[in-house]
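K.L.:
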Amino acid sequence: MNDGLIMFGIMIFVLVAQGLLWAWVFTERKRKVPEAKIMNLRELYEWSRKGIEDYYRRQVENRRQSSSLRRR
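For the record, in the sequence shown the residue sitting at position 59 is 143 according to our numbering, with numbers rising by one throughout.
1) Ends of the alpha helix (DSSP H) at residue 112?
2) For residue 127 and residue 104, what's the separation of their Cα atoms in angstroms?
3) Counting only the same chain and skipping the five closest in sequence on each side, list residues whose C-beta sits under 7 Å from that of residue 143.
This is the structure:
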């Protein structure tokens, strides 16, 4: 029983310490880099999808331009 209480106490201590550490990290980040935005997964997905679509669009345009140059 006593060992279980010690392990439970250590677990609670670690969870509280992690919470305090992450709170400190986020406040320091906000203080040092206020314009930095933390994206959620949906924003990250939309941003990466837009980047991939733009990349493929540029590849298609480059192929069209190179094929039209070969025809001349």
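Note that CB positions come from ideal geometry on N, CA and C, so glycine has one too.
Just so it is clear, the structure is predicted and the values come from calculations on it, not from any experiment.
P.N.:
Once the coordinates are examined:
1) Stepping through the sequence shown from its first residue, residue 112 is reached at position 28. Residues 86-116.
2) In the sequence shown, residue 127 corresponds to position 43, counting from 1. In the sequence shown, residue 104 corresponds to position 20, counting from 1. Those two C-alpha atoms are separated by around 27 Å.
3) Numbered from its first residue, the sequence shown carries residue 143 at position 59. Correct list: empty, nothing qualifies.
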